[in-house]
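Just so you know, we're using the working numbering here: the sequence shown kicks off at 11 and counts up by one. Step one of this worksheet: look at the structure below.
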Amino acid sequence: MSDFSAADRAHMARGLALAAQGLYTTTPNPRVGCVIVRDSGVVGEGFHVRAGEPHAEVNALSDARHRGHDARGATLYVTLEPCNHHGRTPPCVDAILAAGVSRVVAAMQDPNPAAAHGALRLRGAGIRVDFGLLENEARELNIGFVSRMTRNLPWVRLKVAVSADGRTALANGKSQWITGPEARADGHAWRARACAVLTGIGTIREDNPQLTVRAVATPRQPLRVIIDRHGETPPTARVFATGPVLLVTGGARNPAWPSDVETLALPNAEGRVDLPGLMRSLAGRGINELHVEGGPRLNGALLAGGHVDELLMYVAPSALGDPARGMFELEAPLTSLAARFPLEWHAIDRVGPDLRVIARIVRQGDA
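Below, the structure is given as structure tokens:
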């Protein structure tokens, strides 16, 4: 790793802030920001907005030209290694070479094998390339993209709103509202950044949710994915009213469903929905981050199957007591503490009167 200066860090931090402006729009592409510096001054900035449109480096170079600046001899700071392939847009490496940039500082290498090796071409042309500046921050911003590229799986974030004693609803199913309005609005922001929102037929029956983003200004709605083994989602369900929906069944399509609703039959040997197959299928559709808002049965199945990467928990300062519902209903209850699911606290923040707790699953082999 190179010795980076305070100025290097400041420029990359700006690049990350720019990249975050594409938080809700870039899917299935990564969120990338770019800053071009010459003679200690910023001459151009840009970020990737959405798939099919120019990448961050091209936008930053264009910004420099519009400002009347020449990028020859400049340093280009970018949060992801410049791409080196022809996709929906030309390689960013070509634009960088044509601009005469002398140094490229990239937060992280591109995990996409089709787009990788941009650094090799740049170095081959005599351009200095340094990696590793604010790499962890860049990975966090694109945690779903990295997961899809390296594991062929989306990053699965399971959201729950719970009381202080870990209860998600009363025994009669009532759950509105355990947490306050600030937590609910924050939950919409996490929905908005996801590529898809997943729930089960139980939640559809009990709550009849829309599963849309409503508290955040966003130009797109994530795909709503419903696991419905027997095809029992009512054709009048509110989830059908707005945006794309994918019904995942263990058998035939319900003929009463709207004709424009997509269905996917993924039965396993027991006739249930094949969860591992669903995760691979969603990754194949370009789903980077999968946001789960299900009931305890679906949550338990995902947790037991090893499909959850991260818990997003909103904890209210209240207690519901037994026999209120818990977060995870396991088909095979644990009989030993050695079989429990270890977590690592990632972040704990106050959101209104509630706490937002982000915890990540610790898998065997994790450092």
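C-beta atoms are modelled at their ideal positions from N, C-alpha and C, and glycine is treated no differently. A quick note: this is a predicted structure, and the numbers were derived from the prediction, not measured.
- Approximately 6 Å separates the beta-carbon atoms of residue 26 and residue 43; this is inside 8 Å, confirming the contact.
- Residues 67, 68, 71 of the same chain have their beta carbon placed closer than 8 Å to that of residue 105, with the five preceding and five following residues left out of the count.
- A Cβ-Cβ contact shorter than 7 Å links residue 284 with residue 278.
- Within 10 angstroms of the beta-carbon of residue 80 lie fewer than 16 other beta-carbons, which makes it exposed.
- In the structure shown, residue 59 adopts coil according to DSSP, grouped into three states.
- Of all C-beta pairs linking the segment 343-352 to the segment 193-202, fewer than three are shorter than 8 Å, placing the two stretches out of contact.
- Between residue 165 and residue 219, the alpha-carbon positions lie close to 23 Å from each other.
- In the three-state reduction of the DSSP assignment, residue 102 falls in the helix class, which pools H, G and I.
- With contact defined as three or more Cβ pairs closer than 8 Å, the segment 135-149 and the segment 298-306 are not in contact.
- The beta carbon of residue 263 sits closer than 7 Å to the beta carbons of 241, 273 from its chain, once the five residues preceding and following it are set aside; these are given in chain order.
- One alpha carbon belongs to residue 17, the other to residue 226, and they sit about 33 Å apart.
- The continuous stretches of beta strand (DSSP E) do not include residue 213, which lies in the alpha helix (DSSP H) extending over residues 211-217.
- In summary, residue 146 is exposed, with fewer than 16 beta-carbon neighbours lying within 10 Å of its beta-carbon over all protein chains present.
- Within 10 angstroms of the beta-carbon of residue 55 lie 16 or more other beta-carbons, which makes it buried.
- Judged by DSSP in its simplified three-state form, residue 51 adopts strand.
- With three or more CB-CB distances shorter than 8 Å, the segment 84-93 counts as touching the segment 147-155.
- Here DSSP, grouped into helix, strand and coil, assigns residue 249 to helix.
- Taking the C-beta atoms as reference points, residue 337 is found no nearer than 7 Å to residue 367.
- Contiguous alpha helix (DSSP H) elements confined to the segment 319-370 do not occur, taking only those with 4 or more residues.
- Secondary structure note for residue 283: it is in no beta strand (DSSP E), with a DSSP letter that is neither H nor E.
- Beta-bridge partners assigned by DSSP to residue 176: none are found.
- Less than 7 Å divides the Cβ of residue 205 from the Cβ of residue 37.
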